[in-house]
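**Q** Top line first, the protein sequences correspond to chains A and B. The numbering used here runs 1 ahead of the 1-based position in the first sequence. The numbering used here runs 912 ahead of the 1-based position in the second sequence. Just so it is clear, CB atoms sit at the ideal spot from N, CA and C, and this is done for glycine as well. The structure displayed is predicted, hence computed values, not measured ones.
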Amino acid sequence: MNNRNKKNKTLTIAYLFPTALILLVFIIAPIIYTFYLSFFNWNLIAPTKDFVGLENYFSIFTDPVNRKILLNTVFYILLLLFLNFLVPYFISIIVKFFISKMQTAYKIIFFIPSLFSLVVGAMLFSWIMNPVSGPVAFFMRGLGLTLPNWTNSGAMAVVVICLITNWKVFGYNFVLLLTGLGSVPQNIIDATKMDSIPKWRMIWDIVLPLNKSIAFYVLILTIVQGLQYVFTPISVITQGGPYYGSSNALYHTYLNAFVLYKTGNASALAIVTFVIFLVLLYLEIKFVEGRTNRYE
Amino acid sequence: MNKFRESGWHFLLIVICLTLLLPVLFMISNSFKTLQDSYHSMLQLIPTHPTFSNYLTLDKQINLFRIVWNTFFMATIVTLGKIITGLLAAYAFKYFSFKGKKFFYFAFISTIFVPFTVVMIPNFLVISKLNLLNTALGVALPQLCDATGIMLFLKAMDKIPNSLIESVRIDDIPSYKILKDIVVPILRPNIISIGAIFFINSWNEYVWPTLILKDKNSFTLPLALQNYISSEGGTNFPLAMALSTIMIIVPLLIYLIFQRYILNSISSSGLK
């Protein structure tokens, strides 16, 4: 018996070892090292690093460019929540409760763009929205209007960039939310039908609360994944411009690290982003009880 | 009355389908037009004078075969790595009891919440120290495990009756044999669909490869395409669209074949 326990222990280690090793080397150690780098000024190459204490953190909240970046990040989050969470949620409710056929067909079609790279999405939207040769400009000319050059306006660029990620993740989030709605017990829904309670009431009072945990999961995913997804169209189309107008915390971290070689500023900004994501993780555990507590 | 309202909803849903798909259809169609045609008849779905010229130009300007191979090779390493590490870890979590199980599971799953910016500088330094810049292995190495994969494999293992595993374990059959001869065959559809998702994601990956792959010979498809998109305007769209069309064929084919399994796996990733 003892022998078997011992064998089990070595086996457990052997099975978890590959994952644990990669996790340790490429996630945990890097987080610690980034935290360490955030207290220094460095340029990624120089043999010495200057210790500057908390200066890099102070500059996040005092430097006007950084403040603009943080504000943009909030703007991105709000827009992503609307486009990539609320809209697919609304549509999944329509598909689940308000139509009686073609549900699977919609699911299959909506999912298709999520198979494609965001670089393709960025290319497509820069064509569609091209102020000179794109189809939108073409239609607007027909109406006697001109499409403004949206890459010259931070706010408009942010909207277009969010639309690109919406094109990609709409179907993915739709499938997740529809599955959640499918797990609401049918007998509860039937019971409300018998009592002739209006559909919208039934959805608001019964379905939404019962579907809370998966909806919250998608909501958090929308923020965490969305902020990383917008990186690609930012990098391909605007490079954060005009004057940081379409940049966000993640793109600015990349810019600081690999374009401006200000490793300290980049690291501090990365740590702040990480802390925000950790807060979201904490909220997820609190709200979506059971998901991560599989082994309690 | 109800029928009427339902048609209204169908109308909305069909509009959404068109909004999502028409850009892709126009992309494919414009990739077979000359630059001039694409400008003058951009919204004509069937080209009047279809031409392969964009594809031929691409073939002259870049080493297409090399780029497709790089993408395929990198995505294959990542996919195989994620499947192997994921199956092993999931098996341990499912069938072994050990101290700190809850902690380890939590640590693995939490990695979903780690933004890439917080690991990219050290990982870049490590990969360049290992002399792996401009190699597929350099891109793949940090991504050889995947928390979502572990979660999905664990859920799939729930469908294997516990009594089955218990009965063979009593016979002292080594666990790698149980994994290889019982678990893997039963989970084959899950492994295929989860693998398909890994492969497609890796095929499309942009952010991390841009840091590692600087040499044009090591480019993957997304990086090659990015080179054809100019931020100052002046993108040659038919050319960029031809490259995009080449790029979407593989994910589309995978989806056509495994559509049902893929959607099932995505669905189950959201459930408890």
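1. Distance check for B:A1059 and A:T293, CA to CA, integer angstroms please.
2. In the DSSP assignment, what are the bridge partners of B:D1083?
3. Are the C-beta atoms of B:V1162 and some chain A residue less than 7 Å apart?
4. Residues in the same chain with beta-carbon distance under 6 Å from A:L211, minus the five sequence neighbours each way, listed in chain order, please.
5. My guess is that B:Q883 and B:V990 are in contact by the Cβ rule of under 8 Å, so how many angstroms apart are they, rounded?
6. Check distances from the C-beta atoms of the segment 1110–1129 of chain B to those of chain A and list, in chain order, the residues that come in under 7 Å.
7. Find the residues of chain B that neighbour A:M124, judging by a C-beta separation of less than 7 Å, and give them in chain order.
8. Starting from A:V53, trace the alpha helix (DSSP H) in both directions and tell me its first and last residue.
9. Closer than 7 Å, CB to CB, is B:A1001 near chain A or not?
10. From which residue to which residue does the alpha helix (DSSP H) around B:E918 run?
11. The alpha helix (DSSP H) spanning A:I163 covers which residue range?
12. Taking A:G227 as the reference, give the member of A:V273, A:F278 and A:G181 with the closest Cα.
13. B:A1019 lies in the alpha helix (DSSP H); which residues open and close that run?
14. Here's the rule I'm using: 16 or more other beta-carbon atoms within 10 Å means buried, otherwise exposed. How should A:Y16 be labelled?
15. Please classify B:N1074 as buried or exposed, where buried requires at least 16 neighbouring CB atoms within 10 angstroms.
16. How big is the Cα-Cα spacing for B:I1124 and B:S1022?
17. For A:N57, collect the residues of the same chain with a Cβ closer than 6 Å to its Cβ; drop the 5 residues on either side in sequence, then sort them by chain order.
18. Considering only residues of the same chain and omitting the five flanking positions on each side of A:V120, which have a CB-CB separation below 8 Å?
19. Does B:K994 pass the burial test, meaning 16 or more other C-beta atoms within 10 Å, or should it be called exposed?
20. Assuming B:L970 contacts B:L1164 (C-beta within less than 8 Å), just tell me the rounded distance between them.
21. If you measure from the beta carbon of B:Y951 to each beta carbon in chain A, is any gap under 7 Å?
22. Does the beta-carbon of B:F1036 have 16 or more other beta-carbons within 10 angstroms, so that it is buried, or is it exposed?
23. B:S953: which of A:K8, A:V176 and A:G135 sits nearest, CA to CA?
24. Measuring CA to CA, which of A:Y77, A:V26, A:N85 and A:F288 is closest to B:F1042?
25. What's the gap between the Cα of B:M1159 and the Cα of A:N188?
26. Considering only residues of the same chain and omitting the five flanking positions on each side of A:L45, which have a CB-CB separation below 6 Å?
27. For B:L1044, I'd like the list of residues in its chain whose CB is within less than 8 Å of its CB, leaving aside the five on either flank, ordered along the chain.
28. Within the 7 Å Cβ cut-off, does A:Y296 reach chain B?
29. In the DSSP output, what is A:N42 paired with across the bridge?
30. Measuring straight from C-alpha to C-alpha, what distance separates A:A158 and B:F977?
31. May I have the straight-line CA-CA distance separating B:P959 from B:S950, to the nearest angstrom?
32. Starting from the Cα of B:F1180, find the closest Cα among B:D1127, B:K1126, B:I1094 and B:L1066 and give me that residue.
33. Would you mind giving the Cβ-Cβ distance between A:L179 and A:V96, rounded to the nearest angstrom? I have them listed as a contact below 8 Å.
34. Tell me, please, whether the CB atom of A:A258 is closer than 7 Å to any CB atom in chain B?
35. To the nearest angstrom, report how far apart B:N942 and A:I129 are at their CA atoms.
36. Counting along the chain, where does the alpha helix (DSSP H) carrying B:I1106 start and finish?
**A** In terms of the structure at hand:
1. Low per-residue confidence applies at A:T293: pLDDT is 45, beneath 50, and the placement is therefore not dependable, though the value from the model is reported in the following sentence. Each residue's alpha carbon lies about 12 Å from the other.
2. The partner list for B:D1083 (beta bridge, DSSP) is empty, contrary to what the question assumes.
3. no
4. V185
5. The first residue shown for chain B is 913 and the last is 1184, placing residue 883 of chain B beyond what the model contains.
6. I1112, N1116, Y1118, V1119 and L1123
7. L1137, I1141, A1152 and S1156
8. Note, A:V53: premise wrong, no alpha helix (DSSP H); not H, not E.
9. yes
10. N914 to N942
11. The sequence shown places Cys at residue 163 of chain A, rather than the Ile named in the question. First-last of the alpha helix (DSSP H) with A:C163: G155 to G183.
12. A:F278
13. K1013 to S1022
14. buried
15. exposed
16. 25 Å
17. S39, G265, N266 and A269
18. T233 and V237
19. buried
20. Between B:L1164 and B:L970 the Cβ distance is about 19 Å, and since that is not below 8 Å, they are no contact.
21. yes
22. buried
23. A:G135
24. The residue you asked about is not Phe; residue 1042 of chain B is Leu in the sequence shown. The candidate whose alpha carbon is nearest that of B:L1042 is A:V26.
25. 46 Å
26. Y262 and T264
27. G1050, L1053 and I1124
28. Note that A:Y296 scores 49 on pLDDT, short of 50, meaning its location in the model is unreliable and no value can be drawn from it.
29. A:D51
30. 35 Å
31. 9 Å
32. The sequence shown places Ser at residue 1180 of chain B, not Phe. Checked all of B:D1127, B:K1126, B:I1094 and B:L1066; the closest Cα to B:S1180 is B:L1066.
33. 6 Å
34. yes
35. 12 Å
36. R1100 to W1115
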